[in-house]
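Trainee: One structure, as structure tokens, below. Some questions next.
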Amino acid sequence: MKKVVYEWFLQHQERVNITGELILQKARDTMKLVYLHDDSDFNFSIGWLGKFKHRHGIKSFLRFGESESVDVQDMEQKLVSIREKIDQFPMKDVFNMDETGLFYRLQDDLSLATK
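See below:
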């Protein structure tokens, strides 16, 4: 079972941000496939996860760093476009959002990986 989970991890670490919870879920799903007729609830602890990560050299990495510099002229043009769109609405319907609100579905910058 551990080998199956590790092979899955290696196949997906480049394309997907993998969290500890995702590894634990994959381990549970794998056990359910191995023991199809067993209705047991397979639970894997944080301790199991820690040993699994240590055994395979899995560490937490920053997947995305700072973005490159911004083209100021391009940004000024985009701001004009944004202001034109905002002007179509009454001020009572215009709200300010920080980047957390804009990127609420954005994946975490940290991912588990072997490299």
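Sequential numbering from 28 applies to the sequence shown in my numbering.
All residues carry an ideal CB built from backbone N, CA and C; glycine is no exception.
So for E88, helix, strand or coil by DSSP?
Mentor: Residue 88 sits at position 61 when you count from the first residue of the sequence shown. The question names Glu, but residue 88 in the sequence shown is Phe. Three-state DSSP puts F88 in a strand.
Trainee: Pick from S87, V121, Q104 and Q115: whose alpha carbon is nearest that of N44?
Mentor: Residue numbering aside, residue 44 sits at position 17 when the sequence shown is read from its first letter. When only C-alpha atoms are compared, the closest one is S87.
Trainee: Could you tell me whether the Cβ atoms of M28 and V61 are closer together than 8 Å?
Mentor: To locate residue 28, count along the sequence shown from 1; it is residue 1. To locate residue 61, count along the sequence shown from 1; it is residue 34. In this structure, V61 lies closer than 8 Å to M28 by Cβ.
Trainee: By the three-class DSSP mapping on this structure, what secondary structure does L137 have?
Mentor: Mapped onto the sequence shown, residue 137 falls at position 110. Here L137 sits in strand by DSSP.
Trainee: In whole angstroms, what is the alpha-carbon distance linking H64 and W75?
Mentor: In the sequence shown, the residue the question calls residue 64 occupies position 37. In the sequence shown, the residue the question calls residue 75 occupies position 48. Computed Cα separation, rounded: 24 Å.
Trainee: Less than 8 Å separating the beta-carbons of L106 and L137?
Mentor: Mapped onto the sequence shown, residue 106 falls at position 79. Mapped onto the sequence shown, residue 137 falls at position 110. Cβ distance not < 8 Å, so L106 and L137 don't count as in contact.
Trainee: Need the endpoints of the alpha helix (DSSP H) that S81 sits in, please.
Mentor: In the sequence shown, residue 81 corresponds to position 54, counting from 1. Rather than Ser, the amino acid found at residue 81 in this sequence is His. First-last of the alpha helix (DSSP H) with H81: I73 to H83.
Trainee: Look up M58 in the DSSP assignment and say whether it is helix, strand or coil.
Mentor: If you number the sequence shown from 1, residue 58 lands on position 31. Note: M58 maps to helix in three-state DSSP.
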